[in-house]
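Take the sequence shown: its position 205, counting from 1, is numbered 200 in the working numbering, and each next residue is one higher. C-beta atoms are modelled at their ideal positions from N, C-alpha and C, and glycine is treated no differently.
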Amino acid sequence: MSKAIVTGHRNPDTDSITSAIAYAYFKQQRGADAIAVRLGEINKETEYALTQFNTEAPVLASDDVVEGREEVILVDHNEFQQSIENIERFKITEVIDHHRIANFETMDPLYYRAEPVGCTATILLKIFKEHQIEIPKNIAGLMLSAIISDSLLFKSPTCTDEDIDAAEELAQLADVDAQEYGLNMLKAGADLSEKTVNELVTLDAKEFEVGVHRLEIAQVNTVDVKDVLKQKAAIEERLDVIVQEKGLKIFLFVITDILNNDSTILASGTDLDKVERAFETKLDDNCALLKGVVSRKKQIAPVLMKEFS
């Protein structure tokens, strides 16, 4: 029997971690030798969900952990620069995702399922039901947590009716009130008080390639944007270093206010004029408020990438 790892993207968020756990469980119920792994540290929001549903975090991917495992299943991502290091050493057998498809190629056919919904967990619920596999209470709670996280408690423009229906079903299975639990979870994740500057800008950062251009967008959620911006000078200094080290055109640090559903951006790089054109705004000391913008996937990455295409 082949051995597989199930992993989400680097700098994992709640969907990435919990989808790896849920899909590894699904594969195990189908008789596969599959384990969930993670490609980074657990954030506070995810830690809250794991604690509430009494579930251990996936092990950190290391040479010892992945040794002897020839296959990899990707959840919540497909772009190689966001995935496990040296991904070419694995055979990619499955992808379950809800993002754009880019920089992806395999030698062999595979099971690929991508749907335009707000969260990977919404797709996973369908898969469990299609195969008539019962979802345990803790797994249901983690999947619900993923939908709440990705949809900002159903307020993000990425949230679909399917996500809302899935969340309602999972909340019943998990025996929790989605609104009450979800707000507590988001608030737990919005506590950035103990984060270093480097942790802030790498906590949930993703790289994007547009032709020869490389962009990076990091996003943090908070209930107090001003508190984060108290470290603006130090954050800018760190962004500048990362831009130089990685050869980025732009590093965009996005601070999302989960109470008012707005985002403040802090930009670093050589093409700041393209940031202004993308968001139809003017940067004031490399900073701007984007009203009504909360989604990196739908409202930030696509419009910025368009300026570099």
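Could you pull the DSSP bridge partners for C154 from this structure?
As a working mapping, residue 154 is identified with position 159 in the sequence shown. C154 pairs with nothing; no bridge assigned.
Restricting to runs no shorter than 3 residues, where is the beta strand (DSSP E) found entirely within the stretch 57 to 103?
66 to 70 and 86 to 92
Could you tell me the distance, in whole angstroms, from the CA atom of C114 to the CA atom of V90?
Taking the sequence shown and counting its residues from 1, the one referred to as residue 114 is at position 119. Taking the sequence shown and counting its residues from 1, the one referred to as residue 90 is at position 95. Spanning the two alpha carbons is a distance of roughly 14 Å.
Three-state secondary structure assigned by DSSP to T265:
In the sequence shown, residue 265 corresponds to position 270, counting from 1. Reduced to three states, the DSSP call for T265 is coil.
K221: buried (16+ other C-beta within 10 angstroms of its C-beta) or exposed?
As a working mapping, residue 221 is identified with position 226 in the sequence shown. That one is exposed.
Please say whether I230 and F309 have beta carbons closer to each other than 8 Å?
In the structure as shown, the chain starts at -4 and stops at 304, and residue 309 therefore has no counterpart that could be examined.
Do you know offhand how far N81's Cα is from F75's?
In the sequence shown, the residue the question calls residue 81 occupies position 86. In the sequence shown, the residue the question calls residue 75 occupies position 80. For N81 and F75, the distance between alpha carbons rounds to 9 Å.
So what does DSSP say about F248, is it helix, strand or coil?
The sequence position of residue 248 within the sequence shown is 253, counting from 1. Correct three-state label for F248: strand.
Residue range of the unbroken beta strand (DSSP E) whose run includes D374
The requested residue 374 does not occur in the structure, where the chain is confined to residues -4 to 304.
Round the Cβ separation of D10 and S151 to the nearest angstrom and send it over; I've been treating them as touching at under 8 Å.
The residue given as residue 10 occupies position 15 in the sequence shown. The residue given as residue 151 occupies position 156 in the sequence shown. With 8 Å as the limit, D10 and S151 do not qualify as a contact, their Cβ atoms being about 12 Å apart.
Any 3 or more C-beta pairs closer than 8 Å across the stretch 127 to 145 and the stretch 167 to 183
yes
Look at N98 and E211 and say whether their C-beta atoms are less than 8 Å apart.
Translated into the one-based positions of the sequence shown, residue 98 becomes position 103. Translated into the one-based positions of the sequence shown, residue 211 becomes position 216. No; because the gap between Cβ atoms is not below 8 Å, this pair is not in contact.
State the DSSP-derived secondary structure class of L147, mapped to helix, strand or coil.
Locating residue 147 in the sequence shown gives position 152, counting from the first residue. L147 falls in the coil class under three-state DSSP.
How many whole angstroms separate the CB atoms of K(-2) and E51, which I take to be in contact at a CB cut-off of 8 Å?
Reading the sequence shown from its first residue, position 3 is the one you call residue -2. Reading the sequence shown from its first residue, position 56 is the one you call residue 51. Not quite, the Cβ-Cβ distance comes to about 20 Å (not below 8 Å), so this is no contact.
Starting from T2, follow the beta strand (DSSP E) in both directions and report where the run begins and ends.
Position 7 of the sequence shown, counted from the start, is the residue given in the question as residue 2. Run containing T2: K(-2) to R5, per the beta strand (DSSP E) assignment.
Looking only at DSSP bridge pairs, what is K201 linked to?
Position 206 of the sequence shown, counted from the first residue, corresponds to residue 201. Per DSSP, I212.
Leaving out the 5 sequence neighbours to the left and right, which residues in its chain are closer than 8 Å to D160 when beta-carbon positions are compared?
What you label residue 160 is simply residue 165 of the sequence shown in a count that begins at 1. Once the five neighbours on either side are set aside, D160 has no close Cβ partner at all.
I'd like to check one pair, D257 with G287: are the Cβ atoms closer than 8 Å?
On the sequence shown, position 292 is the one that residue 287 refers to. On the sequence shown, position 262 is the one that residue 257 refers to. The answer is yes: Cβ separation under 8 Å.
Through-space distance from A213 to N6, alpha-carbon basis
As a working mapping, residue 6 is identified with position 11 in the sequence shown. As a working mapping, residue 213 is identified with position 218 in the sequence shown. So the two alpha carbons sit approximately 10 Å from each other.
Whole-angstrom distance between A29 and C282, CA atom to CA atom
In the sequence shown, counting from the first residue as 1, residue 282 sits at position 287. In the sequence shown, counting from the first residue as 1, residue 29 sits at position 34. Distance between the alpha carbons of C282 and A29: 44 Å.
Just confirm the distance between the C-beta atoms of D280 and S263, as a whole number of angstroms; I'd bet it's less than 8 Å.
Taking the sequence shown and counting its residues from 1, the one referred to as residue 280 is at position 285. Taking the sequence shown and counting its residues from 1, the one referred to as residue 263 is at position 268. Wrong, their Cβ atoms sit about 12 Å apart, outside the cutoff.
Assign I237 to buried or exposed, taking buried as 16 or more other Cβ atoms, counted over all protein chains shown, within 10 Å of its Cβ.
Taking the first residue of the sequence shown as position 1, residue 237 is located at position 242. Buried, by the Cβ-count rule.
Would you mind giving the Cβ-Cβ distance between L69 and T2, rounded to the nearest angstrom? I have them listed as a contact below 8 Å.
Position 74 of the sequence shown holds residue 69. Position 7 of the sequence shown holds residue 2. Their Cβ separation, rounded to whole angstroms, is 7 Å, which keeps L69 and T2 in contact under 8 Å.
Using the three-state DSSP reduction, which class does V289 fall into: helix, strand or coil?
Locating residue 289 in the sequence shown gives position 294, where the first residue counts as 1. Coil, per DSSP.
Would the beta-carbon of N318 fall within 8 Å of that of G184?
There is simply no residue 318 to check, as the chain begins at -4 and stops at 304 in what is shown.
Kindly indicate the opening and closing residues of the beta strand (DSSP E) around D28.
On the sequence shown, position 33 is the one that residue 28 refers to. Start and end: D28 to L34.
Closest to T101 by C-alpha separation, out of T88, H93, R108 and V112, would be which residue?
What you label residue 101 is simply residue 106 of the sequence shown in a count that begins at 1. Of T88, H93, R108 and V112, the residue nearest in Cα terms is T88.
With DSSP collapsed to three states, give me the class of L187.
Along the sequence shown, one-based indexing puts residue 187 at 192. In the structure shown, L187 sits in coil (DSSP, three-state: anything other than H, G, I, E or B).
Nearest to A27 by CA position, among V67, A296, E62 and K39, is which residue?
Taking the first residue of the sequence shown as 1, we reach residue 27 at position 32. Of V67, A296, E62 and K39, the residue nearest in Cα terms is V67.
Is the Cβ-Cβ distance between R84 and P53 less than 8 Å?
As a working note, residue 84 is residue 89 in the sequence shown. As a working note, residue 53 is residue 58 in the sequence shown. The answer is no: Cβ separation not under 8 Å.
Quick check: F274 and L285, are their CB atoms within less than 8 Å of each other?
Translated into positions along the sequence shown, residue 274 becomes position 279. Translated into positions along the sequence shown, residue 285 becomes position 290. Yes, Cβ-Cβ distance for F274 and L285 is below 8 Å.
Who are the near neighbours of A315 in its chain, counting only those whose CB is closer than 7 Å to its CB and skipping five residues on each side?
In this structure the chain extends from -4 to 304, so residue 315 is not present and cannot be described.
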